[in-house]
Amino acid sequence: MIILYVDISTGYKYIKEKPEIAQCLSVYFLTNKKFKDDVLYFYHPVAPQVIVGANQNVHFEVNLDYIHQHGIALTRRGAGGGAVYVDPGNLTYSFNVNDDGTNYMNFRHFAEPAIEVLHQIGVDAEMTGRNDLTVNGQKFSGMSTLKIGNRFTCGGTLMLDVDLQSASQALNPPKSKLKSKGIKSVKSRVTNLRPYLKGKFAKLTSDDLQTMILPKVFHTENLKDIPTYIMSEDDWDNVKQIAQEKFGTPDWVMGTTQEFGNYHTRHFDGIGTVGVNYSVENGIITQAKIYGDFNNAGGDLHHIETQLIGTPFKRDNLIEAFRTGDVQSNIGNVSPADLADMLIDDQYKEEIPK
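Under this note's numbering, the sequence shown has 430 at position 285, and the numbering climbs by one with no breaks.
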């Protein structure tokens with residue numbers, strides 16, 4: 146059971162000025178001793194932005210020209226998962242809980258309150274794949290997670306009235322990811338909930354949706370019975386400090402800018418997309434950088450990259466490099482052999498943006 150609902154409405158003036166502040170909230174709730182119990186908060190984006198996962202390459206997966214031309218902010222969260230476009234038509238929810246050994250990476254558990262509400266209002270929502278909520282085969286929610294110490298966050302977005310045209314233009318997912326979903330574009334994969342809301346729910350707002358989810362989480366019909374904490378100015382000063390030190394810095398948001406000549410990606414069911422940007426000279430890997438939307442945001446990808454650099458570009462040698470790099474712990478349940486095949490097989494080759 147969630148112990149505390151945190152009302153963040155006092156900080157929207159800060160989030161409007163610096164969108165990256167919203168990406169610091171979960172880190173604050175996971176690391177500040179004041180929040181030792183489980184908490185839930187909701188976030189309503191105040192302006193359009195693209196949020197990329199901790200291990201993604203913005204140059205490969207975001208249409209930077211488009212978002213700059215249209216005034217769309219770019220931020221990066223601490224959690225894994227893939228890039229999402231959000232705007233005031235989204236509702237984001239985030240659980241920040243102690244790890245009791247049962248629910249880390251259990252996306253279904255944390256999505257259940259939203260799914261129950263949607264079923265009650267006539268939306269045939271279901272969880273599909275690793276971390277997506279869908280209706281009629283189209284995605285309206287993606288989820289991500291981040292673990293820090295013995296606490297972790299798990300949450301996602303609910304697309305109610307999102308600008309789908311902007312979402313389609315702003316995001317450039319790898320072709321391997323689109324192929325794994327059996328689609329050709331972002332626009333053909335995603336949907337808003339609005340078309341599925343009928344009758345008295347046709348004009349449902351994100352505030353209404355939030356108000357309906359809260360009683361499911363806290364097992365009460367009376368909102369006044371929900372234990373609530375309102376963020377103070379001192380809290381926001383601490384959150385802004387996190388943004389200043391990390392989440393608002395260009396190095397964090399933009400990430401690595403090197404382009405190493407070859408970029409191969411492959412989608413693995415239950416894990417996500419793994420990509421390697423690399424160079425080969427005289428049959429030896431000379432440079433390597435790993436990206437992806439896998440949810441293990443805390444893995445030591447540098448360790449894998451170090452094992453790859455200097456390795457002969459041959460299948461057996463690549464398998465050994467990935468094995469020594471401990472991909473199971475640092476990425477997820479993918480085999481070294483499958484990753485080696487990804488590097489040597491041109492069917493997994495992606496175009497590198499100019």
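Every residue gets a Cβ at the ideal spot worked out from N, C-alpha and C, and that includes glycine. Model, not experiment: these values are computed from the prediction.
For residue i, the nearest candidate out of the options (CA to CA)
i, options, result
"D396", "D183, E496, A199", "A199"
"K284", "M487, T336, Q492, F252", "T336"
"P319", "K161, H447, G437", "G437"
"F405", "I387, I435, Q389", "I435"
"F439", "G246, D183, T290", "T290"
"K343", "E378, V268, D232", "V268"
"I387", "Y150, F174, L149, H447", "F174"
"R339", "T365, L263, N367, N208", "L263"
"A312", "G234, D490, T394, V472", "G234"
"N276", "T247, F252, A433", "F252"
"P190", "N281, G156, Q214, G455", "G156"
"L446", "L349, S474, N367, Y188", "S474"
"V280", "D182, F297, R334, D380", "R334"
"V362", "D245, L316, N243, L185", "L185"
"Y249", "G227, G294, E390", "G294"
"D182", "G287, I449, I148, S480", "I148"
"Y341", "D382, V384, C299, G282", "G282"
"S286", "G443, Q314, L236, N241", "L236"
"Y230", "V307, I464, I449", "V307"
"P164", "D232, K179, H204", "D232"
"I160", "Q389, A347, N241, Y150", "Q389"
"V203", "G420, I449, H364", "G420"
"G444", "V472, K178, K179, F180", "V472"
"T107", "H448, F180, F467", "Residue 107 lies beyond the residue range present for the chain, which begins at 146 and ends at 499; the question has no answer from this structure."
"D244", "K292, I416, N407", "K292"
Presumed contact (8 Å Cβ cut-off) between residue i and residue j, rounded CB distance
i, j, result
"G225", "N441", "6 Å"
"I371", "L359", "6 Å"
"Q314", "N208", "6 Å"
"S351", "L278", "Contact doesn't hold; Cβ gap of about 15 Å is too wide."
"A433", "L453", "4 Å"
"Q201", "G223", "With 8 Å as the limit, Q201 and G223 do not qualify as a contact, their Cβ atoms being about 12 Å apart."
"V384", "R296", "Contact doesn't hold; Cβ gap of about 16 Å is too wide."
"Q355", "F187", "5 Å"
"Q168", "I212", "Going by Cβ atoms, the distance from Q168 to I212 rounds to 16 Å, so no, they are not a contact pair."
Unbroken alpha helix (DSSP H) run spanning residue i, endpoints
i, result
"T356", "351-363"
"R460", "460-469"
"S313", "309-315"
"L453", "446-453"
"N475", "472-475"
"I260", "252-265"
"T176", "170-176"
"I504", "The question about residue 504 has no answer, for the chain in this structure spans 146 to 499."
"I153", "Looking at the DSSP string, I153 is not in any alpha helix (DSSP H), and its letter there is neither H nor E."
"F205", "203-206"
"V398", "395-399"
Buried versus exposed, by CB contacts within 10 Å (16 or more), residue i
i, result
"E496", "exposed"
"P193", "buried"
"S239", "buried"
"H409", "buried"
"L484", "buried"
"I153", "buried"
"Q265", "exposed"
"Y493", "buried"
"L303", "buried"
"D210", "exposed"
"H215", "exposed"
"N317", "buried"
"I489", "exposed"
"L368", "exposed"
"K158", "exposed"
"K322", "buried"
"D380", "buried"
"S171", "buried"
N-terminal and C-terminal residue of the beta strand (DSSP E) that residue i is part of
i, result
"K284", "283-293"
"I387", "Looking at the DSSP string, I387 is not in any beta strand (DSSP E); the run it does join, the alpha helix (DSSP H), is 378-387."
"D277", "277-280"
"L368", "Where L368 is concerned, there is no enclosing beta strand (DSSP E), given that its DSSP letter is neither H nor E."
"I489", "Looking at the DSSP string, I489 is not in any beta strand (DSSP E); the run it does join, the alpha helix (DSSP H), is 481-489."
"A433", "429-437"
"N243", "235-243"
"H189", "That residue, H189, is in no beta strand (DSSP E); it is neither H nor E in DSSP."
"G408", "According to the sequence provided, residue 408 is Tyr. The question's Gly does not apply to it. 407-413 is the extent of the beta strand (DSSP E) around Y408."
"I160", "Here I160 belongs to no beta strand (DSSP E); instead the alpha helix (DSSP H) covers 157-162."
"L209", "Where L209 is concerned, there is no enclosing beta strand (DSSP E), although the alpha helix (DSSP H) it sits in stretches over 209-214."
"E390", "No beta strand (DSSP E) holds E390; DSSP gives it neither H nor E."
"R296", "296-304"
"T373", "373-375"
Any non-hydrogen atom of the ligand COA within 7 Å of residue i CB
i, result
"N248", "Inclusion of the ligand COA in the displayed structure is not the case, the ligand content being empty and no account of it being possible."
Cβ pair count under 8 Å reaching 3, the segment 397-412 against the segment 212-221: Contact between the segment 397-412 and the segment 212-221 is present, because at least three Cβ pairs lie under 8 Å.
With three or more beta-carbon pairs closer than 8 Å as the criterion, would you say the segment 426-435 touches the segment 450-461? A contact is defined here as three or more CB-CB pairs under 8 Å, and the segment 426-435 meets this definition with respect to the segment 450-461.
So does the segment 237-256 actually touch the segment 268-281, counting three or more Cβ pairs closer than 8 Å? Verdict: yes, contact present.
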